[in-house]
Amino acid sequence: MYMSIAMNAPGMSFTPVTCEKRLPAVPCHIEDPDLWFAESPVDLERAKALCADCPIRTECLAAALERQEPWGVWGGEILDRGSIVARKRPRGRPRKDAGSNPAAA
């Protein structure tokens, strides 16, 4: 938020006036912000898709990489520990495929 001063002519008093820097309509400011930090790989892929046409996508990603953001979707990419990852795997162990388990046969 930026602050400026407006002068009132009759008494010449000063009144602080606030104005926010206006960003273009970007998906992460319109949609639920939690989507960009979701645990679910499906939700993270949705956030990435929403970033696809964002006008500040390149700048967002560059800034996130510079800051080494620990996690989340930034500039249409998933970051984990400051690095881009192709996709997020769900938590926990992968399920065993019943067809590949010899004991199940």
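The working numbering puts the sequence shown at residues 956 to 1060. Using N, Cα and C, we set each Cβ at its ideal position, and we do this for glycine too.
For W1029 and C1015, believed in contact at Cβ under 8 Å, the rounded distance: 6 Å
Between L991 and G1027, which are expected to be in contact by the criterion C-beta below 8 Å, what is the C-beta distance as a whole number of angstroms? Note that residue 991 corresponds to Trp in the displayed sequence, not to Leu. Indeed they touch by this definition, with Cβ atoms about 5 Å apart.
Beta-carbon within less than 8 Å of A1041's beta-carbon, same chain only, minus the 5 sequence neighbours each way: which residues are those? Excluding residues within five positions, the ones whose Cβ falls inside 8 Å are I1033.
Provide the residue(s) that pair with W1026 in DSSP beta bridges, ordered along the chain. D1035
What does DSSP give as the partner residue(s) for V1040 in the beta ladder? I1033
Please specify which runs of the beta strand (DSSP E), each continuous and at least 3 residues long, are wholly inside the region 996–1020, giving them in chain order. none
Contact set for A1007: own chain, Cβ-Cβ below 8 Å, skip 5 residues either direction: G1031
Expressed to the nearest angstrom, what Euclidean distance is found between the alpha-carbon atoms of L1005 and A1018? Cα-Cα distance, rounded: 18 Å.
C-alpha distance - P988 paired with R1048, whole-angstrom precision: When rounded, the distance between both Cα atoms is 28 Å.
Quick check on the DSSP output: the alpha helix (DSSP H) that includes P982 runs from which residue to which? Looking at the DSSP string, the run of the alpha helix (DSSP H) that includes P982 is 982–985.
Outcome for A1002 when other beta-carbon atoms lying within 10 angstroms are tallied against a minimum of 16: Classification of A1002: buried, given that the 10 Å Cβ count is 16 or more.
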